[in-house]
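Residue numbers for the sequence shown follow the working numbering, beginning at 534 and rising by one.
This report refers to the structure that appears directly beneath it.
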Amino acid sequence: MTSPSHEPDQHQPGYQDERTQDQVMWARVERRRARIRGQILRNRQGGHKIPTWLLATILGLLLLGWAYLIFFD
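Right under this line is the structure:
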């Protein structure tokens, strides 16, 4: 038996054409979008260890303390 010959415009099985720059960029954009969607879904589910209001209060106190040291020291 002889193996069938491939036409010049056909590739062997398992061969991948080179991707264009546009395809690479779009794939990168899609991966980034999928990652962001995943982060948003995880954040919406909750399960936070420290409440957001407490973190905001601590940040505010740190900023006030820093401003006090700068202006009144």
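Ideal Cβ positions, reconstructed from N, Cα and C, are used throughout, including at glycine.
Beta carbon of ARG552, beta carbon of ALA560: below 9 Å?
For ARG552 and ALA560, yes; Cβs fall inside 9 Å.
Would you give the residue range spanned by the alpha helix (DSSP H) that GLU563 belongs to?
Segment 554 to 578, the alpha helix (DSSP H) holding GLU563.
Can you name the start and end residues of the alpha helix (DSSP H) that ILE583 belongs to?
Looking at the DSSP string, ILE583 is not in any alpha helix (DSSP H), and its letter there is neither H nor E.
Is PHE605 helix, strand or coil by DSSP?
Here PHE605 sits in coil by DSSP.
Using the C-alpha atoms, what's the distance from GLU563 back to LEU595?
Approximately 39 Å between the Cα atoms of the pair.
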